[in-house]
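If you want our numbering, it's the position in the sequence shown, counting the first as 1, plus 820.
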Amino acid sequence: MGKHRDQFQARLKQINRKHAALSSGCAIRMQPDGLLVAKPLRTPSRGLGRKGLYVLAAFLVCKASLICALGEQSYDARVARLSQGKGIEQFGALVMQRDPASMALAGGIRQLLG
(Lines of atoms letter the chains of each structure in order from A and count residues from 1; the text may use other names and numbers.)
(Lines give C-alpha, C1' and ligand atoms only; values in the text may rest on other atoms or scores of the structure.)
Protein backbone atom coordinates (compact mmCIF):
# COMPACT_ATOMS: atom_id res chain seq x y z
CA MET A 1 0.00 0.00 0.00
CA GLY A 2 2.82 2.40 0.86
CA LYS A 3 4.46 1.75 -2.51
CA HIS A 4 1.36 2.83 -4.43
CA ARG A 5 1.00 5.92 -2.29
CA ASP A 6 4.63 6.91 -2.98
CA GLN A 7 4.13 6.44 -6.72
CA PHE A 8 0.98 8.57 -6.59
CA GLN A 9 2.79 11.31 -4.64
CA ALA A 10 5.64 11.28 -7.19
CA ARG A 11 3.17 11.63 -10.10
CA LEU A 12 1.34 14.40 -8.28
CA LYS A 13 4.61 16.25 -7.67
CA GLN A 14 5.53 15.96 -11.37
CA ILE A 15 2.10 17.28 -12.42
CA ASN A 16 2.42 20.25 -10.05
CA ARG A 17 5.89 21.08 -11.42
CA LYS A 18 4.60 20.96 -15.01
CA HIS A 19 1.60 23.11 -14.09
CA ALA A 20 3.85 25.71 -12.44
CA ALA A 21 6.12 25.78 -15.50
CA LEU A 22 3.20 26.12 -17.91
CA SER A 23 1.49 28.85 -15.87
CA SER A 24 3.98 31.46 -17.09
CA GLY A 25 3.23 30.70 -20.72
CA CYS A 26 3.48 27.80 -23.12
CA ALA A 27 3.94 26.94 -26.76
CA ILE A 28 1.66 24.25 -28.14
CA ARG A 29 3.05 22.10 -30.95
CA MET A 30 1.45 19.31 -32.89
CA GLN A 31 3.53 16.17 -33.22
CA PRO A 32 3.49 14.20 -36.49
CA ASP A 33 0.94 11.77 -35.06
CA GLY A 34 -1.50 14.61 -34.28
CA LEU A 35 -0.86 14.80 -30.51
CA LEU A 36 -0.77 18.33 -29.10
CA VAL A 37 2.09 18.91 -26.64
CA ALA A 38 2.46 22.03 -24.48
CA LYS A 39 6.02 23.10 -23.67
CA PRO A 40 6.81 25.91 -21.22
CA LEU A 41 8.28 29.12 -22.62
CA ARG A 42 11.75 30.03 -21.48
CA THR A 43 11.85 33.09 -19.28
CA PRO A 44 14.82 35.43 -19.68
CA SER A 45 17.16 35.66 -16.74
CA ARG A 46 16.80 38.75 -14.60
CA GLY A 47 20.39 39.11 -13.43
CA LEU A 48 23.48 40.40 -15.15
CA GLY A 49 24.00 36.94 -16.53
CA ARG A 50 26.31 35.62 -19.14
CA LYS A 51 25.68 38.34 -21.72
CA GLY A 52 26.71 41.05 -19.29
CA LEU A 53 29.90 39.22 -18.45
CA TYR A 54 30.67 38.78 -22.15
CA VAL A 55 30.18 42.51 -22.75
CA LEU A 56 32.41 43.36 -19.78
CA ALA A 57 35.10 40.93 -20.96
CA ALA A 58 34.98 42.33 -24.50
CA PHE A 59 35.28 45.87 -23.13
CA LEU A 60 38.32 44.92 -21.03
CA VAL A 61 39.98 43.19 -23.99
CA CYS A 62 39.41 46.26 -26.20
CA LYS A 63 40.76 48.55 -23.50
CA ALA A 64 43.80 46.31 -22.99
CA SER A 65 44.49 46.19 -26.71
CA LEU A 66 44.35 50.00 -26.84
CA ILE A 67 46.83 50.21 -23.97
CA CYS A 68 49.08 47.72 -25.73
CA ALA A 69 48.86 49.43 -29.14
CA LEU A 70 49.26 53.03 -27.96
CA GLY A 71 51.67 52.50 -25.10
CA GLU A 72 50.98 53.42 -21.49
CA GLN A 73 52.17 57.04 -21.68
CA SER A 74 50.25 57.86 -24.84
CA TYR A 75 47.14 56.13 -23.48
CA ASP A 76 47.35 58.08 -20.22
CA ALA A 77 47.79 61.34 -22.14
CA ARG A 78 44.70 60.64 -24.22
CA VAL A 79 42.64 59.75 -21.14
CA ALA A 80 43.86 62.96 -19.43
CA ARG A 81 42.81 65.00 -22.47
CA LEU A 82 39.44 63.24 -22.43
CA SER A 83 38.95 64.07 -18.74
CA GLN A 84 39.21 67.78 -19.54
CA GLY A 85 36.01 67.62 -21.60
CA LYS A 86 32.45 68.03 -20.42
CA GLY A 87 29.96 65.57 -18.94
CA ILE A 88 30.04 62.38 -20.96
CA GLU A 89 33.71 62.85 -21.87
CA GLN A 90 34.63 62.96 -18.19
CA PHE A 91 32.59 59.81 -17.60
CA GLY A 92 34.39 58.18 -20.54
CA ALA A 93 37.73 59.15 -19.05
CA LEU A 94 36.70 57.65 -15.72
CA VAL A 95 35.73 54.39 -17.39
CA MET A 96 38.82 54.28 -19.61
CA GLN A 97 41.37 54.81 -16.84
CA ARG A 98 43.95 52.08 -16.50
CA ASP A 99 43.02 49.39 -13.99
CA PRO A 100 44.77 46.21 -12.82
CA ALA A 101 42.64 43.90 -14.96
CA SER A 102 43.25 45.80 -18.20
CA MET A 103 46.95 46.15 -17.40
CA ALA A 104 47.25 42.40 -16.81
CA LEU A 105 45.44 41.73 -20.09
CA ALA A 106 47.67 44.23 -21.90
CA GLY A 107 50.73 42.43 -20.55
CA GLY A 108 49.32 39.14 -21.77
CA ILE A 109 48.64 40.60 -25.22
CA ARG A 110 52.20 41.98 -25.38
CA GLN A 111 53.61 38.56 -24.53
CA LEU A 112 51.31 36.88 -27.04
CA LEU A 113 52.25 39.24 -29.85
CA GLY A 114 55.91 39.33 -28.88
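We treat Cβ as the ideally placed atom computed from N, Cα and C, and that holds for glycine.
Contact annotation, C888 with A926: C-beta distance approximately 5 Å; criterion of less than 8 Å satisfied. Here the C-alpha atom of A897 lies approximately 25 Å from the C-alpha atom of L932.
Counting the other CB atoms within 10 Å of its CB gives A884 a total of 16 or more, which places it among the buried residues. Separation of D826 and K833 (C-alpha to C-alpha, rounded to the nearest whole angstrom) is 10 Å. Residue pairing by DSSP places I848 opposite A858 in a beta bridge.
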